[in-house]
Amino acid sequence: MAFTVIKTTWAEHEAALRVIRGQVFIREQRVPDALEWDDQDEASVHFLALDGAGAPIGCIRLLPNGQMSRLSVLSEHRNQGIGKALLIAAEEEARGQGRDEIFLHAQTHATSFYEAAGFSVTGGIFLEADIPHRQMFKVLN
Numbered sequence: 003m004a005f006t007v008i009k010t011t012w013a014e015h016e017a018a019l020r021v022i023r024g025q026v027f028i029r030e031q032r033v034p035d036a037l038e039w040d041d042q043d044e045a046s047v048h049f050l051a052l053d054g055a056g057a058p059i060g061c062i063r064l065l066p067n068g069q070m071s072r073l074s075v076l077s078e079h080r081n082q083g084i085g086k087a088l089l090i091a092a093e094e095e096a097r098g099q100g101r102d103e104i105f106l107h108a109q110t111h112a113t114s115f116y117e118a119a120g121f122s123v124t125g126g127i128f129l130e131a132d133i134p135h136r137q138m139f140k141v142l143n
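Sequential numbering of the sequence shown, starting at 3, is according to the numbering used here.
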């Protein structure tokens, strides 16, 4: 499947970002609205995956502190390399910002996905939105 990843801002693509995250986190994973939407979106760099027709199918954000978060891909587009492409785009942005490392909070079922991308687990399991997570980091070269 053909797709592209673009760098964007909350102001430019808020509607599309809300659709993807609303579907994945709020509807599928039952994350409460109040936990999904925070004050970090406007300050973050966002990446949006678009299918061949230009429809939004996935996203990720890079927070000002170097944390990647809200990686999400619509269910019908998963396992096609979109999540990996979004992760790489955010990582390249962090490198461009001069960061030495990046980190994220991975849902425990997804740690192997992030480990395959070079992330390492740090610390134990904790709950975020009642979902088990692990903190993971990656040193950037």
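Glycine included, C-beta positions come from ideal geometry on N, C-alpha and C.
Hey, quick one: how far does the beta strand (DSSP E) through residue i stretch, first residue to last?
{"i": "His48", "result": "Val47 to Asp53"}
{"i": "Ile127", "result": "Ser122 to Glu130"}
{"i": "Phe5", "result": "Phe5 to Thr10"}
{"i": "Leu73", "result": "Gln69 to Val75"}
Name the DSSP bridge partner or partners of residue i?
{"i": "His107", "result": "Gln137"}
{"i": "Ile62", "result": "Phe49"}
State the CB to CB distance for the pair residue i and residue j, rounded to an integer number of angstroms; the pair is presumed to be in contact (CB under 8 Å).
{"i": "His107", "j": "Glu130", "result": "6 Å"}
{"i": "Val7", "j": "Leu88", "result": "6 Å"}
{"i": "Phe49", "j": "Lys9", "result": "6 Å"}
{"i": "Glu103", "j": "Leu142", "result": "6 Å"}
{"i": "Asp53", "j": "Phe5", "result": "5 Å"}
{"i": "Arg75", "j": "Gly60", "result": "The question names Arg, yet the displayed sequence has Val at residue 75. Yes, they are in contact, since the Cβ atoms of Val75 and Gly60 sit about 4 Å apart, within 8 Å."}
{"i": "Gln109", "j": "Met3", "result": "Gln109 to Met3, Cβ: 24 Å. No contact."}
Can you tell me where the alpha helix (DSSP H) holding residue i begins and where it ends?
{"i": "Arg97", "result": "Ile84 to Gly98"}
{"i": "Leu37", "result": "Asp35 to Glu38"}
{"i": "Glu117", "result": "Thr113 to Ala118"}
Just mark residue i as buried or exposed, buried being the case when its beta carbon has 16 or more other beta carbons within 10 Å.
{"i": "Leu73", "result": "buried"}
{"i": "Phe105", "result": "buried"}
{"i": "Ile84", "result": "buried"}
{"i": "Glu93", "result": "buried"}
{"i": "Asp40", "result": "exposed"}
{"i": "Met138", "result": "buried"}
{"i": "Phe128", "result": "exposed"}
{"i": "Met70", "result": "buried"}
So, at 6 Å on beta carbons, what are the nonlocal neighbours of residue i in its own chain, with the 5 sequence-adjacent residues on each side left out?
{"i": "Pro34", "result": "none"}
{"i": "Leu37", "result": "Ala131"}
{"i": "Glu44", "result": "Trp12"}
{"i": "His79", "result": "Ile59"}
For residue i, collect the residues of the same chain with a Cβ closer than 7 Å to its Cβ; drop the 5 residues on either side in sequence, then sort them by chain order.
{"i": "Gln99", "result": "none"}
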